[in-house]
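Residue numbers (UniProt numbering): 1 to 241.
What follows is the structure, encoded as structure tokens:
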């Protein structure tokens, strides 16, 4: 089977599509620059390798809706598909990282969220060491013991429960300005509830919105929304998850 030869009309169509894309980019207009698209791009960044399902879970969008934004971002070459070993999904391109960072900073400036983010990060850092310590202890213990002699999860669940009621109050001023932060208290509590029911993989499991995953993504979201990195301005000496 031979490939169809591209005609002049095909090339004209490509040129027109590219021109529309460049006009939208120059004018900051169209769905590519919507908060909903940014939420999907942010979700892919935070998850490392994103999928239609993981983007929907992190944005609260329907899977079909998230899929539309993913394809828009892929067409714009801000994300690309990745298939490597057990990884299969979408990752940000170099241009995607630059675009995402620019859009987040514009959003934060537009709604005046920097003071609320700074205050929330300061409070977060005060309890970060406690949560990280509990999760790290659980990870080390589960790795060092056989499945039939696992460490009792109740102490770590109790430690994580200390942070649970703090998150809604800590994030309330941020959520009022940046609603995408609203998922973190809910998802942390949901993971902790599953751990309480004996599903201990929800403490620090990967490939799911475990306590570990939610906490780490929240930390990164707070920092990067302020244009900071994890090794900057850390209040606690412990390494973050």
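Virtual Cβ for every residue (Gly too), placed ideally from N, Cα, C.
Computed from a predicted structure; not experimentally measured.
Use the C-beta contact count for residue i: other C-beta atoms within 10 angstroms, 16 or more gives buried, fewer gives exposed.
i, result
"residue 219", "buried"
"residue 112", "exposed"
"residue 162", "exposed"
"residue 50", "buried"
"residue 98", "exposed"
"residue 45", "buried"
Taking Cβ positions, are residue i and residue j nearer each other than 8 Å?
i, j, result
"residue 40", "residue 82", "no"
"residue 77", "residue 88", "no"
"residue 157", "residue 195", "yes"
"residue 222", "residue 124", "yes"
"residue 164", "residue 189", "yes"
When you compare only the Cα positions, how much space is there between residue i and residue j?
i, j, result
"residue 261", "residue 225", "Limits of the chain in this structure are 1 at one end and 241 at the other, which puts residue 261 out of reach."
"residue 42", "residue 69", "12 Å"
"residue 105", "residue 186", "25 Å"
"residue 169", "residue 109", "23 Å"
"residue 21", "residue 37", "Bear in mind that the predicted position of residue 21 carries a pLDDT of just 49, short of 50, making it unreliable; the figure below should be weighed with that in mind. About 15 Å."
Which two residues bound the contiguous alpha helix (DSSP H) that contains residue i?
i, result
"residue 51", "Careful: residue 51 lies outside any alpha helix (DSSP H) and carries neither H nor E."
"residue 223", "211 to 225"
"residue 75", "63 to 75"
"residue 186", "183 to 196"
"residue 97", "94 to 111"
"residue 44", "35 to 47"
"residue 170", "166 to 177"
"residue 203", "201 to 204"
"residue 32", "Note, residue 32: premise wrong, no alpha helix (DSSP H); not H, not E."
Taking the continuous beta strand (DSSP E) assigned at residue i, which residues delimit it?
i, result
"residue 82", "79 to 84"
Sufficient close CB pairs (3 or more, under 8 Å) joining the stretch 212 to 230 to the stretch 48 to 57
Contact between the stretch 212 to 230 and the stretch 48 to 57 is absent, because fewer than three Cβ pairs lie under 8 Å.
Counting Cβ pairs closer than 8 Å, one from the stretch 198 to 207 and one from the stretch 170 to 186, do we hit at least three?
With a cut-off of 8 Å, the stretch 170 to 186 and the stretch 198 to 207 do not count as touching, because too few Cβ pairs lie within range.
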